[in-house]
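A.B. asks: One structure, as structure tokens, below. Some questions next.
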Amino acid sequence: MTKMVATNGGSSQPHHRSSADEETSLLPTSIDQKDGTASSTSSSSSLTSWIRLLTFFIASVIAGGIMPGQNEYNRLFCEAGIFRYACHDEFADSSITATLDYDASDTIGHDSDSASSCCPAQWLLIANTMNSLSMFVTFLFLLSGIMFDILGGRKCATLGCAILSVGFGILAVLLRLLGGIDHTTNNDVSINGGGGGIMIKPSVETILFAVGVLTCDIGSFFVNVAFYGFLFHLPTKQALILALSNSCFSCASFLPIVISGFIDVSGYTLPSVLLMYGVVILIGSGGVCWVTVPSLEEYHSNALIVLGLPIPRRTVKGWEGMKKQLLGAKKVLTHPDHAMFHKISMVVLAMGWVPAFVYMSMADPLGQEIFGEGGGGIGLSLGVSFLKINTLVGLLVGPACGLLVDKFQHPSDGLIEI
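Taken in order, the sequence shown gives residues 874 to 1291; the numbers are from our numbering.
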């Protein structure tokens, strides 16, 4: 890369610099007013940016929502009594007695008593509901982008942590209310340590469950989009930043396994653990987001230094303003020069997500059908195995791909190399 610098004679001469200097040269430097030389603070600024980014990555993993680890969450919700009304016909018909009888030695945090109360119809209903909610919530990621433009990364991420904690609170309250209900006999019998519950209509239960799950995942999207706030703090590592924003979801798939193990060790019920988890997200991840994520002003000031010109500040006022933003996004996506590329990208991404959705929600029943109930419990532990592998992919493969793409001047070259 070549930069024109002024000599003592006033003329300009080309000055060559190595690619290793590019990142630090694009960061703010302080000017010594005494002799006009630049005393570089770029190295310390770059180090600080790296620390902030990696710290925020940990916080974003903790605030990863439900969608990444939904296969294990399905099991936890099923055992806790969500949608147990679906089992009524199976219990009433003596010819249908099959249950998801998990072996506690094959999975983490599940005892045979609680697992045996989860019937196939109940599991299937939870899995289908979670799949539908996951497909729907992906369209709401656009909302998080609009909020990023309005609030900036810092406020958007902190707000996302608050929304996420509210979602877990809704689920915890629902599970606590269901804790004393036996949907198969309508008797007031404790099945989850709740100790006396109240009757809830299936429609109300479904609505509360859907609202809780959607609130959690919307909150996680608000946190995730804050990664874009670092794009101009580490301008030569933008592919890595985008890779980390995707990898945090993969790493978050391990969290329900941790929750399950904590329940098994501590003896706490799922509602209590979800409440504690919500507090950790609100105070822990929320506090980290407020300290580490760049504010809107910081984002714009660094963009001015890197790009050499200011980027427009977007404001959205009311529904009309949001409608204008959505129409503008549609105009960009349907532009004649790029419309075909966007359509192909959408199809490829959709096809890539379909297998992931199957393993994210239906891995255990699928494994049981393929491997049978024998085979050393392989089928019944397929979901947990997938979540563990997905976590390793998020920790290793995702960041490695981002670093590889960043090594090339044109991102397409890096993608071809991958």
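Cβ coordinates follow ideal geometry from the N, Cα and C atoms, glycine included.
(1) How is H1173 classed by DSSP in three states: helix, strand or coil?
(2) Identify whether A1125 lies in helix, strand or coil by the three-state DSSP scheme.
(3) Closer than 6 Å: is that where the CB of I1217 sits relative to any heavy atom of the ligand COA?
(4) So the candidates are G1085, V1084, L1047; which of them puts its Cα closest to the Cα of I1073?
(5) Where does I1074 sit, in a helix, a strand or coil, going by DSSP?
(6) Can you tell me which of the three DSSP states D1137 falls into?
(7) What do you reckon, are the CB atoms on F1095 and L1032 nearer than 7 Å?
(8) Can you tell me whether T1348 is helix, strand or coil according to DSSP?
(9) Can we say the stretch 1141-1149 touches the stretch 991-1010, given the rule of at least three CB pairs closer than 8 Å?
(10) Alpha carbon to alpha carbon, how far is G1134 from M1213? Give it in angstroms, no decimals.
(11) If we call anything under 7 Å between Cβ atoms a contact, is A1116 one with V934?
(12) Classify I935 as helix, strand or coil using the three-state DSSP reduction.
(13) Below 7 Å CB to CB, which residues in the same chain sit around I1130 once its five sequence neighbours on both sides are set aside?
(14) Tell me the rounded alpha-carbon separation between G1151 and A1273.
(15) Where I1217 and L1113 are concerned, what is the direct C-alpha to C-alpha distance, given to the nearest angstrom?
(16) Tell me which residue opens and which closes the alpha helix (DSSP H) that P1144 is part of.
(17) Hey, I999 and F950 are a contact pair by Cβ (cut 8 Å); roughly how many whole angstroms apart?
(18) With L1079 and G1040 assumed to form a contact (beta carbons below 8 Å), what rounded beta-carbon distance in angstroms separates them?
(19) Beta-carbon within less than 7 Å of W1163's beta-carbon, same chain only, minus the 5 sequence neighbours each way: which residues are those?
(20) State the Cα-Cα distance for the pair P1075 and S1118, rounded to the nearest angstrom.
(21) Roughly how many whole angstroms lie between the Cα atoms of H1173 and S919?
(22) Under 8 Å by Cβ, that's how I've got V1166 and F929 pegged, so tell me the actual separation to the nearest angstrom.
(23) How big is the Cα-Cα spacing for G1092 and S1123?
(24) Do you know how far the Cα of L1255 is from the Cα of S1120?
(25) Can you tell me which of the three DSSP states I1114 falls into?
(26) Taking the alpha helix (DSSP H) that V1270 belongs to, which residues open and close that run?
(27) Under three-state DSSP, which class holds C992?
(28) Can you tell me the Cα-Cα spacing of V1221 and L1050, whole angstroms?
(29) If you draw a straight line from the alpha carbon of R957 to that of C991, how long is it in whole angstroms?
(30) Do you know how far the Cα of I931 is from the Cα of E1171?
(31) Which residues in the same chain have their Cβ closer than 6 Å to the Cβ of T970, if we skip the five residues on either side of it in sequence?
(32) Can you grab the Cα-Cα spacing for the pair G1160 / N947, in whole Å?
(33) Smallest Cα separation from L1169: which of G1102, I1154, F1009, E1193?
(34) Please report the distance separating the alpha-carbon of L1277 from that of W923.
C.D. replies: From the atom records:
(1) Three-state result, H1173: helix.
(2) helix
(3) Absence of the ligand COA from the depicted structure is noted, as is the absence of any ligand whatsoever, leaving it without description.
(4) Distance check between I1073 and each of G1085, V1084, L1047 places L1047 closest, using alpha-carbon atoms only.
(5) Strictly speaking, residue 1074 in this sequence is Lys, with Ile absent from that position. Note: K1074 maps to coil in three-state DSSP.
(6) helix
(7) yes
(8) Past the boundaries of the shown model lies residue 1348; the chain is included only from 874 to 1291, so the question cannot be answered.
(9) no
(10) 47 Å
(11) no
(12) helix
(13) E945, I981, V1257, L1260
(14) 31 Å
(15) 24 Å
(16) Looking at the DSSP string, the run of the alpha helix (DSSP H) that includes P1144 is 1143-1152.
(17) 6 Å
(18) One point to set straight first is that residue 1079 is Thr, not Leu, in the sequence displayed. Actually they do not touch by this definition, with Cβ atoms about 16 Å apart.
(19) R1027, T1031
(20) 37 Å
(21) 17 Å
(22) 6 Å
(23) 16 Å
(24) 21 Å
(25) helix
(26) Here V1270 belongs to no alpha helix (DSSP H), and DSSP marks it neither H nor E.
(27) coil
(28) 42 Å
(29) About 8 Å.
(30) Their Cα atoms are separated by approximately 21 Å.
(31) Here T970 scores only 34 on pLDDT, less than 50, and its place in the model is too uncertain to base an answer on.
(32) Going from the Cα of G1160 to the Cα of N947 covers about 29 Å.
(33) Of G1102, I1154, F1009, E1193, the residue nearest in Cα terms is G1102.
(34) If you draw a straight line from the Cα of L1277 to the Cα of W923, it is about 18 Å long.
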